[in-house]
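Taking it in order: structure first as structure tokens, then the write-up.
2 protein chains.
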Amino acid sequence: MNKLGKLFLFPVPILEESGAEHIPEYNLQLVKELKCFIVEDAKTARRFLKVFGYSPIENAEVLLLNEHTKGENIMHLIAPLLKGENMGLMSDAGCPGIADPGADVIKKAHEKGIEVVPLAGPSSIVLSIMASGFNGQNFAFVGYLPIDKAPKIKRIKELELLAVKGSQAQFFIETPYRNAQMFETLLSTLSPQTKMFIGKNITGSNQFLKTLMVEEWKKMPVPDLHKIPVVFGIYK
Amino acid sequence: MNKLGKLFLFPVPILEESGAEHIPEYNLQLVKELKCFIVEDAKTARRFLKVFGYSPIENAEVLLLNEHTKGENIMHLIAPLLKGENMGLMSDAGCPGIADPGADVIKKAHEKGIEVVPLAGPSSIVLSIMASGFNGQNFAFVGYLPIDKAPKIKRIKELELLAVKGSQAQFFIETPYRNAQMFETLLSTLSPQTKMFIGKNITGSNQFLKTLMVEEWKKMPVPDLHKIPVVFGIYK
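Which chain is which? The protein sequence lines are A and B, in order.
According to numbering that gives the first Met the number 0, the residues represented by the first sequence are 0 to 235, in order.
According to numbering that gives the first Met the number 0, the residues represented by the second sequence are 0 to 235, in order.
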């Protein structure tokens, strides 16, 4: 049997304007040894490779993965690994395998006996969990909530119950142009004493990460969340 | 009102033998500007500060936090912040605020209006979530399971239900000297087709991260998990 390649999971900066300052040196050395990358967006990936000091950039072979890539196409993506070549997997922001389509490739890699090597780096979700001051022994990230108002409110109430009665901090995200509406819905749905975390523009020069009770948020000027990447959290 | 200090959350290496290779340059520059640190263990903290290039190490003032530090003592720890001095918070392994007592200090900081700044770095739990190939859109970390056999089995079945029916990947940890026993209990409790992730010695030269179905784990040589840091995960 051929020796299999290894699949390295490379975090990339959270914000497009960032350099490599939040990326560990280990990753920056390792990336130079690879030729073949599975990425969400070719242009973004090439920009990040440049930021990592990868050169010449033309040497990088970039294979595309998105949320619609399934079955046979995943097998095609991991073909170089099966032939013994090491590969890198990159998200278009933050850590692969967390709130991105990377998990499908990683799952297939495990099924084929390929060694998966995760690398440390920035993730807006992880940095939010750290900064919230909520429960680091028990937390969940639940992705997106329903879009329509009634099911969204029902889901927020479910999450509040898990947070308050179940002592499990709950984190979630929203499509950026709906953030302001989500903020309003949270304020009008949650109990006044429930704690709410907002993390926006994380790692940016104007980052804002704050935990307050809902009744305190109501007294604050409304933060500008429109079209900005935001992580929401709730806890007791 | 006095200007408040900022509380920086510094990840440290996961393994004692590691250098600073998994720590971003941003953190290594920033740490040099601080004098006052809240830490779990003074000796470990001083060793990591040395690894970060902090010098002279005698200049670092180290305040102790552990799981028994409560109320008034937390206020004492954050006193420098209230006087306007920036501080660093460090766990004894991985990221502060994730499976460590740091959350209590961070919570108090938010209550006092102190800015909390999380920094990227290694966390065995986060690297496990990435590497598992489970569901990056919906996952939970639930800390330790009950010690006694009957409630432990009950809890494992609850988590399997959340993972399989609820599509939420479940991650947890165990006291290292009970890892081998936890592995056996998982194999005898979970359904054969349930997927189980084991991550051990993460970031170490002999790291092992693998996802297999329970029936496949049963056919494998039993991995040596005794007294080694391990993260467990289950999913469908």
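Virtual Cβ for every residue (Gly too), placed ideally from N, Cα, C.
Computed from a prediction, not measured in an experiment: that's the story for all the values here.
The criterion of a C-beta distance shorter than 9 angstroms is not satisfied by B/PRO220 and B/PRO121. Excluding the 5 residues flanking it on each side, B/TYR234 has same chain C-beta neighbours closer than 6 angstroms at PHE133, ALA162, ALA168 and LYS194, in chain order. Checking the DSSP bridge columns, you'll see A/TYR234 partnered with A/LYS194. Residues are counted here when their Cβ sits less than 7 angstroms from a Cβ of chain B; for the region 23-40 of chain A these are PRO23, GLU24 and TYR25, given in chain order. For the options A/ILE155, A/VAL116 and A/TYR143, the alpha carbon positioned closest to that of A/PHE7 is the one of A/VAL116.
The three-state reading of DSSP puts A/VAL221 in coil, since its state is none of H, G, I, E or B. Per the Cβ contact rule, the region 193-213 of chain A is not in contact with the region 150-158 of chain A (fewer than 3 Cβ pairs under 8 angstroms). At the C-beta level, A/ASN26 and A/LEU88 stay beyond 9 angstroms of one another. Under a 10 Å Cβ-count criterion, A/HIS21 is classified as buried, with 16 or more other Cβ atoms of the shown protein chains found around its own Cβ. In the structure shown, the three-state DSSP call for B/LEU62 is strand. Scanning the region 91-155 of chain B from its first residue to its last, the whole alpha helix (DSSP H) runs of 4-plus residues come out as 101-110 and 123-131. Residues PRO175, ASN178, LYS199 and ASN200 of the same chain have their beta carbon placed closer than 8 angstroms to that of B/ILE227, with the five preceding and five following residues left out of the count. Assigned with DSSP and collapsed to three states, A/ILE37 falls in strand. Within the region 195-224 of chain B, contact with chain A at the beta-carbon level (separation under 8 angstroms) is assigned to ILE201, THR202, GLN206, LEU208, LYS209, THR210 and LEU211. Taking the Cα of A/ILE97 as reference, the smallest distance to any Cα among B/MET86, B/PHE138, B/GLU15 and B/PRO79 is reached at B/PHE138. For A/SER17, the closest alpha carbon among the candidates A/LYS2, A/LEU48, A/LEU3 and A/LEU33 is that of A/LEU48. Interface flag for B/ASP103 against chain A is set, since a Cβ pair is found closer than 9 angstroms. The beta carbon of A/VAL104 sits closer than 7 angstroms to the beta carbons of ILE37, LEU64, ILE73, LEU76, ILE77 and LEU88 from its chain, once the five residues preceding and following it are set aside; these are given in chain order. In this structure, the beta-carbon distance from B/PHE207 to B/PHE231 does not fall below 9 angstroms. Cβ neighbours of B/ASP223 within its own chain (closer than 7 angstroms, five residues either side excluded): none.
The Cβ atoms of A/PHE182 and A/VAL141 lie no closer than 9 angstroms to each other.
Between A/GLY4 and A/ILE113, the C-beta spacing is below 9 angstroms. Proximity of A/GLU20 to chain B, defined by a Cβ-Cβ separation below 9 angstroms, is satisfied. Annotation: Cβ neighbours of A/VAL115 in chain B (cutoff 9 angstroms, chain order): MET129, ALA130, SER131, GLY132, LEU208, LYS209 and THR210. Between A/VAL50 and A/PRO12, the gap from beta carbon to beta carbon is short of 9 angstroms. Under the three-state reduction of DSSP, A/ALA19 is assigned to coil, being neither helix nor strand. A/GLN206: not part of any alpha helix (DSSP H); DSSP gives it neither H nor E.
Within the region 166-186 of chain B, those residues whose Cβ lies closer than 8 angstroms to any Cβ of chain A are, in chain order, GLN167. Non-local C-beta neighbours of A/ALA41 in its own chain, meaning closer than 8 angstroms and more than five positions away in sequence, comprise VAL61 and LEU63, ordered along the chain. At least one CB atom of chain A sits nearer than 9 angstroms to the CB of B/PHE140. For a cut-off of 8 angstroms, the C-beta gap from A/GLU66 to A/PRO100 is around 5 angstroms, short enough to register as a contact. Each residue's CA atom was taken as its position, placing A/SER90 and A/MET129 some 21 angstroms apart. Neighbours of A/LEU81 in chain B, taken as residues whose beta carbon is under 8 angstroms from its own, are absent, since the nearest beta carbon is some 16 angstroms off.
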